[in-house]
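Participant:
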């Protein structure tokens with residue numbers, strides 16, 4: 001299970017909407033308690049692909065985020081990105097480039113702008129499994 | 138000599154190369170890893186020729202990307 005605060009969800013959503021028509025992306029960090037991931041910090045990074053079909057995190061911003069996580073005592077929990085025009089599920093490319101089976105891969109679909117959908121996945125090889133995501137106040 | 142790898146202080150052999158460190162640290166999918174030394178990015182083709190120095194701070198950054 002992975003927990004995200006409503007305010008952090010809104011932070012992701014606002015950034016993803018601002019970056020339209022391109023994909024937006026970032027990192028998530030926090031703590032692991034009894035096997036549950038608690039997101040304490042959401043990082044909004046630049047998609048250096050500047051594309052509506054692909055994303056790559058800016059390595060310099062990634063480095064800064066890793067240092068910030070460490071300074072706060074958080075661990076990297078995974079990443080997030082948006083799908084401006086497709087559902088909230090990993091694409092073949094998402095799966096191919098998901099090297100870490102322990103990470104959570106969050107995907108925000110803006111396909112229906114009125115009803116954004118955020119899901120979180122664990123990806124092992126070419127298999128993606130949805131994990132329980134709790135968004136709480 | 139002493140270096141810091143991903144925030145952890147380590148004692149390593151003198152003249153250790155980045156390529157050897159990647160092996161020693163059992164980095165998964167090294168083809169998707171970018172290395173920084175003291176915040177400077179190391180070209181992926183220079184792992185063999187880059188030697189670490191005492192006090193260096195090393196980070197491994199994993200490529201993160203995808204597409205819809």
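Chains as they are written, first to last, in my numbering: chain A, 1 to 137; chain B, 138 to 205.
Think of the CB as a built atom: it goes at the ideal place given N, C-alpha and C, for glycine as much as any other residue.
I want to see whether chain B comes within less than 8 Å of residue 147 (chain A), judged by CB atoms only; does it?
Facilitator: With chain A represented from 1 up to 137, any question about residue 147 (chain A) goes unanswered, as that position is not in the structure.
Participant: Any beta carbon from chain B within less than 8 Å of residue 21 (chain A)'s own beta carbon?
Facilitator: No, residue 21 (chain A) does not count as interfacial toward chain B.
Participant: Just tell me which of A:16, A:49 and A:74 has its CA closest to the CA of residue 28 (chain A).
Facilitator: Checking every option, the nearest Cα to that of residue 28 (chain A) belongs to A:74.
Participant: My guess is that residue 136 (chain A) and residue 3 (chain A) are in contact by the Cβ rule of under 8 Å, so how many angstroms apart are they, rounded?
Facilitator: With 8 Å as the limit, residue 136 (chain A) and residue 3 (chain A) qualify as a contact, their Cβ atoms being about 6 Å apart.
Participant: Quick one: residues in its chain with C-beta nearer than 6 Å to the C-beta of residue 103 (chain A), no 5 flanking neighbours on either side, listed in chain order?
Facilitator: Excluding positions up to five away in sequence, the list reads 78.
Participant: Roughly how many whole angstroms lie between the Cα atoms of residue 174 (chain B) and residue 168 (chain B)?
Facilitator: Residue 174 (chain B) and residue 168 (chain B): Cα-Cα distance of roughly 18 Å.
Participant: Checking contacts by CB at 8 Å: is residue 86 (chain A) closer than that to chain B?
Facilitator: For residue 86 (chain A), the answer is yes, since a Cβ of chain B falls inside 8 Å of its Cβ.
Participant: I want to verify the contact list: residues of chain A whose CB lies under 7 Å from the CB of residue 189 (chain B), in sequence order.
Facilitator: Neighbours of residue 189 (chain B) on chain A: none; closest Cβ ~17 Å, over 7 Å.
Participant: Can you tell me where the beta strand (DSSP E) holding residue 128 (chain A) begins and where it ends?
Facilitator: It spans 127-131 - the beta strand (DSSP E) in which residue 128 (chain A) sits, taken as one unbroken run.
Participant: For the ligand MG, is there any heavy atom lying closer than 7 Å to the beta carbon of residue 60 (chain A)?
Facilitator: Although the ligand MG was asked about, the structure shown includes no ligands whatsoever.
Participant: Relative to the alpha-carbon of residue 80 (chain A), which residue among A:96, A:68, A:56 and A:60 has its alpha-carbon at the smallest distance?
Facilitator: Per the Cα distances, A:56.
Participant: Relative to the alpha-carbon of residue 76 (chain A), which residue among A:82, A:100 and A:58 has its alpha-carbon at the smallest distance?
Facilitator: The residue with the shortest Cα to Cα distance from residue 76 (chain A) is A:100.
Participant: Mind listing which residues of the stretch 179-204 of chain B have their C-beta closer than 8 Å to chain A's C-betas, in chain order?
Facilitator: Listed in sequence order: 196, 198, 199, 200, 201, 202, 203 and 204.
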